[in-house]
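In what follows, a single structure is set out as structure tokens and then discussed.
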Amino acid sequence: MRTPFIKPIHPFHEDEQTERALQTLDFVEKSGGKRDRWASLIVVSKMLDTIIHIYSLLSGSPTPILQFVSIRWKPHLNIADVQQELALGELRSVGTSLTRSSERLQLHHIKIHGLPKYFMFDGPSPLISNLTKLTFICTANISFPSHLELSAVLAASPRLEHLSLDMRAGNIAFSGFISEPTTIALLQVRLPLLRSFSLDTNDFYQWSLNLLQIVDAPGVEYLNINTDPAHGLSHSTPLELYRYLANGRVNEVLQCHVSLDGITPGSSSIFPLLKHLSTERMKQGPNTSAIFVAFPGVTHVTIGGAGASILCNFLGYLPNVSHITYIHGDVLSALEASECLRRRTIHKTISTLTWCINLPMHETSALLGFKDDRARHLGLEQYYHSPSEWGVDHLIIRQIE
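The letter at position 298 of the sequence shown is residue 308 when you use our numbering, and the numbering goes up by one with no holes.
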């Protein structure tokens, strides 16, 4: 494909940025990349005006096989507020939405990273709907969506199967949405097909608790959760959130409030079918420990260093786990993690232990005391069958970036 000559432009000149982006799209189409052939579209820009123009172009054009759209705004923080104020009026004047429809029959996944919340919801109806997968990543320069707004977006996608909300970079000044139980009851949305739920709460525990009280998804089988505060310390604790995860249903009905004083008769986990729990990003031991207590019935756990340490010191946690995936990081050394996991597997035989580490496989094998000639190689993985040093049926060493 021919490549156009791109002259440097000033990062703050919105008109030039927008013109260049539209010229690039025009070049792609003239070179054979017609919109009716697009299966995915990823937009990253520092200028919100540019994103709006591309958003408008996309939402107003037939893209019948488009499946995935990712839009990310990386603003200059000193002008982010000005950009938002100007862009809001422009987006409203465009009056378009990004939704699966007769013009986008295949659209399933939208990823919103750092965009103002009005890209998801503005006016009487959501701008995003009919999805099977939704990813929303909050940044420090934008306001949180309210529970009313999120409820409307979720209700517009009743066939949602995967939901991911990341609030790690959120600004605490924007988190003042606390909903009363009577309000929560009106906002509850049942998502019977939701199977995967990922939630990074930062220390916005009350906001996250209210969110969990809204999402009625009894079929969730995979939960990826991180309740560590982004900046290390927090004046609040996620105790009530953990209690709700463990006992938020009473007689199988999702509740809007759970008492901390004791367990209500007939109470159970809000995700009664949960099979796979991931806490790989959590580094604070008390948080990780409380999550393990909330879900004793899971059979597969994905953990980082804090999780490995807890499973070593509290052998009664997660008694039904038969598959462990360990993501190596900076909390434990490889030898420390090896000792922790070995103590766990000796206590109870594990079917599969998968060790993910960003080292060449021969170095990891040497650290763990294995010889490569015992392994079956498949790409970036080594398979060991019933190694005598570990109480596992299968050990997998996986090289990751």
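Ideal Cβ positions, reconstructed from N, Cα and C, are used throughout, including at glycine.
Just so we're clear, the structure is a prediction, and the values are computed from it rather than from any experiment.
Quick check: what's the CA-CA separation for residue i versus residue j?
| i | j | result |
| --- | --- | --- |
| Lys40 | Arg47 | 13 Å |
| Arg114 | Pro72 | 7 Å |
| Ile407 | Ile360 | 15 Å |
| Glu349 | Thr362 | 17 Å |
| Pro397 | Phe380 | 9 Å |
| Met11 | Leu51 | With a pLDDT of 43 at Met11, under the threshold of 50, the modelled position of this residue cannot be trusted; read the value that follows with caution. Between Met11 and Leu51, the C-alpha separation is close to 18 Å. |
| Gly180 | Val230 | 25 Å |
| His267 | Glu399 | 47 Å |
| Asn257 | Arg30 | 54 Å |
| Thr34 | Tyr65 | 15 Å |
| Glu171 | Thr211 | 20 Å |
| Pro7 | Asn140 | Missing from the structure shown is residue 7; the chain here goes from 11 to 411 and no further. |
| Thr289 | Leu221 | 19 Å |
| Ala49 | Met130 | 21 Å |
| Trp365 | Ser343 | 13 Å |
| Gly401 | Lys285 | 22 Å |
| Glu159 | Lys56 | 25 Å |
| Ser167 | Gln409 | 37 Å |
| Pro18 | Ile61 | Only weak support exists for where Pro18 lies, its pLDDT of 48 falling under 50; the value from the coordinates is given anyway. Whole-angstrom Cα-Cα distance: 19 Å. |
| Gln265 | Cys148 | 27 Å |
| Met177 | Asp226 | 20 Å |
| Ser111 | His157 | 25 Å |
| Met5 | Arg386 | Beyond the ends of the chain as shown, which are 11 and 411, falls residue 5; an answer cannot be given. |
| Lys44 | Ser246 | 52 Å |
| Asp403 | Gln392 | 14 Å |
| Phe281 | His338 | 27 Å |
| Ala162 | Pro202 | 16 Å |
| Tyr394 | Asp340 | 25 Å |
| Ala304 | Arg253 | 7 Å |
| Thr13 | Leu32 | Confidence at Thr13 is low in this model, with a pLDDT of 48, below 50, so its placement is unreliable and the value that follows should be read with caution. Near 15 Å, if we compare the C-alpha coordinates of Leu32 and Thr13. |
| Phe15 | Asp36 | Note that Phe15 scores 41 on pLDDT, short of 50, meaning its location in the model is unreliable and no value can be drawn from it. |
| Thr193 | Ser135 | 19 Å |
| Leu390 | Ser208 | 26 Å |
| Ser69 | Asp59 | 15 Å |
| Ser375 | Glu411 | 17 Å |
| Leu405 | Ile334 | 10 Å |
| Ala347 | Tyr336 | 9 Å |
| Ala195 | Ala165 | 14 Å |
What is the C-beta distance between residue i and residue j, in whole angstroms, given that I count them as a contact (C-beta under 8 Å)?
| i | j | result |
| --- | --- | --- |
| His123 | Arg82 | 4 Å |
| Leu287 | Leu233 | 6 Å |
| Pro306 | Leu328 | 7 Å |
| Ala316 | Met292 | 6 Å |
| Thr145 | Lys127 | So it is not a contact: roughly 14 Å between Cβ atoms. |
| Gln198 | Ile224 | 6 Å |
| Leu345 | Leu377 | 7 Å |
| Leu255 | Ser279 | 7 Å |
| Ser299 | Ile320 | 5 Å |
Closest to residue i by CA distance: which of the options is it?
| i | options | result |
| --- | --- | --- |
| Pro239 | Phe281, Gln294, Phe129 | Gln294 |
| Val54 | Lys84, Thr247, Gly43 | Lys84 |
| Asn330 | Ser319, Val341, Gly315, Arg354 | Arg354 |
| Phe214 | Asn368, Asp226, Gln198, Leu251 | Leu251 |
| Ser332 | Asp226, His310, Thr274 | His310 |
| Asn261 | Ser277, Ser269, Arg253 | Ser277 |
| Gln116 | Val263, Gln77, Phe154 | Gln77 |
| Ser174 | His119, Leu219, Gln216, Thr335 | His119 |
| Ile75 | Asp340, Thr109, Ile334 | Thr109 |
| Ala150 | Thr28, Leu125, Leu196, Val341 | Leu125 |
| Ile301 | Arg200, Thr237, Leu405, Val38 | Thr237 |
| Val263 | Phe154, Arg200, Ser208, Gln216 | Arg200 |
| Pro228 | Arg259, Pro191, Gly70, Ser80 | Arg259 |
| Gln216 | Glu190, Ala195, His241 | Glu190 |
| His357 | Asn323, Leu283, Thr374, Asn368 | Asn323 |
| Ile413 | Ile367, Phe154, Ser80 | A query on residue 413 cannot be resolved here, the shown segment of the chain reaching from 11 to 411 and no further. |
| His63 | Thr28, Val38, Gly42, Ser80 | Thr28 |
| Thr142 | Phe154, Leu67, Leu196, Ser206 | Ser206 |
| Ser80 | Glu26, Ile138, Gly42, Val38 | Ile138 |
Let me check one thing: in DSSP terms, what residues is residue i bridge-paired to?
| i | result |
| --- | --- |
| Pro136 | Phe131 |
| Glu288 | According to the sequence as given, residue 288 is Ser; it is not Glu. Looking at the DSSP assignment, Ser288 forms a beta bridge with Asn234, Thr312. |
| Leu51 | Val79 |
| Thr335 | Thr312, Thr364 |
| Val268 | Answer is none; Val268 lacks a bridge partner. |
| Lys44 | According to DSSP, which records beta bridges pairwise, Lys44 is partnered with nothing at all. |
| His119 | Phe78, Lys143 |
| Asp210 | Asp176, Asn236 |
| His404 | Thr362, His395 |
| Thr109 | Ser139 |
| Ser226 | Sequence check: residue 226 is Asp here, not Ser. Paired residues: Arg200. |
| Val263 | Val260 |
| Gln409 | Ile367 |
Does any residue of chain B have a CB that is nearer than 8 Å to the CB of residue i?
| i | result |
| --- | --- |
| Thr73 | No chain B appears in this structure, which consists of one protein chain only. |
Hey, which unbroken runs of the alpha helix (DSSP H) at 4 residues or more fall wholly within the stretch 350-394? 371-377
Please give the ranges of any beta strand (DSSP E) in the stretch 139-165, keeping only runs that are unbroken, at least 3 residues long and fully inside the region. 143-147
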